[in-house]
Amino acid sequence: MPKGKLRVAFIGAGGIAGAHMRQYAEMDDIEMVAMADIHPAGMEKWAEQYGIEQSFSDYKEMLRNVKPDAVSVCTPNGLHAETSIAALRAGAHVLVEKPLAMDAREGKRMLDAAKKAKRKLVIGFQQRFDPKAQFVKNAVDSGQFGQVLFGRVQALRRRGIPNWGVFGRKELQGGGPMIDIGVHVLEVTHYVMGSPKPVAASGNVYTYLGNKKSNVVCQWPNWDHKTYTVEDLAVGQIRFENGATIHIESSFAAHIEKNVWNFQLMGEKSGANWDPPQLFTDDNGYMINSEPGWLPRNQDFGSIFALKMRNFVDHVHYNKPTMAPAEHGLMVQKMLDGIYESATKGKEVAIR
Ligand SMILES: NC(=O)c1ccc[n+]([C@@H]2O[C@H](COP(=O)([O-])OP(=O)(O)OC[C@H]3O[C@@H](n4cnc5c(N)ncnc54)[C@H](O)[C@@H]3O)[C@@H](O)[C@H]2O)c1
Numbered sequence: 008m009p010k011g012k013l014r015v016a017f018i019g020a021g022g023i024a025g026a027h028m029r030q031y032a033e034m035d036d037i038e039m040v041a042m043a044d045i046h047p048a049g050m051e052k053w054a055e056q057y058g059i060e061q062s063f064s065d066y067k068e069m070l071r072n073v074k075p076d077a078v079s080v081c082t083p084n085g086l087h088a089e090t091s092i093a094a095l096r097a098g099a100h101v102l103v104e105k106p107l108a109m110d111a112r113e114g115k116r117m118l119d120a121a122k123k124a125k126r127k128l129v130i131g132f133q134q135r136f137d138p139k140a141q142f143v144k145n146a147v148d149s150g151q152f153g154q155v156l157f158g159r160v161q162a163l164r165r166r167g168i169p170n171w172g173v174f175g176r177k178e179l180q181g182g183g184p185m186i187d188i189g190v191h192v193l194e195v196t197h198y199v200m201g202s203p204k205p206v207a208a209s210g211n212v213y214t215y216l217g218n219k220k221s222n223v224v225c226q227w228p229n230w231d232h233k234t235y236t237v238e239d240l241a242v243g244q245i246r247f248e249n250g251a252t253i254h255i256e257s258s259f260a261a262h263i264e265k266n267v268w269n270f271q272l273m274g275e276k277s278g279a280n281w282d283p284p285q286l287f288t289d290d291n292g293y294m295i296n297s298e299p300g301w302l303p304r305n306q307d308f309g310s311i312f313a314l315k316m317r318n319f320v321d322h323v324h325y326n327k328p329t330m331a332p333a334e335h336g337l338m339v340q341k342m343l344d345g346i347y348e349s350a351t352k353g354k355e356v357a358i359r
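Quick note, the sequence shown lines up with residues 8 to 359 if you use the numbering used here.
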């Protein structure tokens with residue numbers, strides 16, 4: 008059934024809001040009506056580029072005046088809960104950028120608010136839309152693995168401390184590489200494993216470089232080391248109700264040969280690698296390595312981001328299923344919380 012345009016607004020109009028706008032701009036059934044940010048300069052650029060007519064310095068005023076159908080929440084993590092809940096209460100569906108919130112307590116309040124307001128809340132995970140991830144997921148779902156026993160998650164930069172935004176400030180972000188980039192590979196690994204329920208976590212975090220001035224030549228030099236209060240490296244293990252485990256390594260500044268962005272799965276009957284996509288199994292008395300003969304080429308950031316944005320619009324505007332329910336965001340958040348809590352306490356912690 009043909010529908011009118013979905014009227015979309017933005018809370019937070021920085022870097023990732025631009026990625027949302029780029030995708031919405033390609034859609035005939037979207038009208039970008041307003042944005043709110045505490046820094047007006049950034050909004051002027053978007054207003055010009057995408058013709059977004061209304062800009063506000065106060066997101067509450069924006070919600071009151073504009074009454075958007077849907078909101079992209081693109082603020083630093085520390086504002087995800089407050090702004091998403093306000094948007095839901097104002098009657099908008101919400102696509103909140105990853106991670107869901109600062110912690111699972113906030114995340115639960117967001118899910119409750121969505122339920123109460125009878126609005127949809129979607130977590131902005133995009134890695135699960137990657138055709139390579141879908142290839143592995145299909146193999147898992149078809150039973151080729153038997154039980155998936157172990158996932159190894161790696162989101163490691165050799166020297167990639169963000170030199171923009173507030174990514175080094177724990178009070179605004181909740182943590183460092185684990186919550187910022189580990190979350191991406193963790194969410195997709197957990198998704199292909201069938202989203203099992205996490206029950207316990209252990210972890211360690213280390214800060215040794217980000218809080219110091221550095222003159223090493225790198226892609227993003229001169230980060231704000233004076234306000235850097237997050238970890239440089241986090242490692243952790245998560246146990247699931249079905250007996251499976253995940254081991255995760257995430258870093259902005261690891262002393263390794265080069266960046267790693269990958270997961271591996273090990274199951275009873277098969278294993279897999281995400282990038283490059285490969286399956287490892289036994290057949291006719293041989294160990295077989297296989298790979299897809301062809302996969303859709305849309306595997307880069309822009310392409311999988313496009314799929315995420317389209318899925319959100321299809322979900323809220325046409326009632327199609329979401330591939331990234333807020334519940335998945337909350338489970339992942341509990342894992343992140345568990346790793347950080349365990350690192351503080353120095354022992355494994357239960358996840359409830
Ligand atoms: N999905 C992805 O691949 C991806 C990539 C990058 C960032 N992100 C997420 O997006 C979020 C934003 O990251 P970013 O890179 O765009 O950061 P950014 O610093 O470029 O943008 C954040 C914007 O929020 C604005 N802001 C701060 N306080 C505000 C308030 N009270 N009201 C309205 N606006 C406010 C800032 O002025 C800034 O313009 C983070 O949660 C991050 O984790 C996701």
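Backbone N, C-alpha and C fix where the C-beta goes; we use that ideal spot for every residue, glycine too. Keep in mind that this is a model prediction, so the values were computed, not measured.
Does ligand 1 have a heavy atom nearer than 7 Å to the CB of residue i?
i: W171; result: yes
i: Q133; result: yes
i: G309; result: no
i: A77; result: no
i: E104; result: yes
i: Y66; result: yes
i: D344; result: no
i: T82; result: yes
i: I168; result: no
i: G292; result: no
i: G153; result: no
i: H27; result: no
i: G150; result: no
i: H87; result: yes
i: I23; result: yes
i: G19; result: yes
i: G181; result: no
i: H46; result: yes
i: G175; result: no
i: A140; result: no
i: A261; result: no
i: A313; result: no
i: Q239; result: What sits at residue 239 in the sequence shown is Asp, not Gln. Result no, Cβ not under 7 Å from ligand 1.
Please name the residue or residues paired with residue i in a DSSP beta bridge.
i: D290; result: Y293
i: V242; result: N211, E256
i: S221; result: Per DSSP, none; premise fails for S221.
i: G278; result: M273, F287
i: G131; result: E104
i: M42; result: F17, S62
i: V267; result: L163
i: A77; result: V15, H100
i: V155; result: G274
i: P332; result: V129
In the structure shown, what three-state DSSP assignment does residue i receive?
i: E248; result: coil
i: A54; result: helix
i: Q61; result: strand
i: E355; result: coil
i: M200; result: coil
i: F319; result: helix
i: V160; result: strand
i: I37; result: strand
i: P205; result: strand
i: Q340; result: helix
i: H262; result: coil
i: V143; result: helix
i: D231; result: coil
i: F174; result: coil
Can you give me the C-alpha to C-alpha distance between residue i and residue j, rounded to a whole angstrom?
i: H324; j: Q271; result: 35 Å
i: A162; j: L302; result: 23 Å
i: D307; j: Q134; result: 10 Å
i: A366; j: A146; result: Nothing can be reported for residue 366, as the shown portion of the chain is limited to 8 through 359.
i: E348; j: Y293; result: 44 Å
i: A241; j: G11; result: 46 Å
i: K127; j: P75; result: 13 Å
i: C225; j: G167; result: 8 Å
i: M69; j: A41; result: 7 Å
i: K110; j: A88; result: A quick correction: the sequence has Asp, not Lys, at residue 110. Going from the Cα of D110 to the Cα of A88 covers about 9 Å.
i: D36; j: D290; result: 49 Å
Can you list, in chain order, the residues of its chain whose CB lies under 7 Å from that of residue i, leaving out five sequence neighbours each side?
i: T196; result: G158, V160, I253, F270
i: D321; result: K327
i: W227; result: G167, I168, P169, N170
Quick one: what's got a C-beta closer than 6 Å to residue i's C-beta in the same chain, skipping five residues either side?
i: A279; result: V143, L272, L286
i: G153; result: G274, E275, K276
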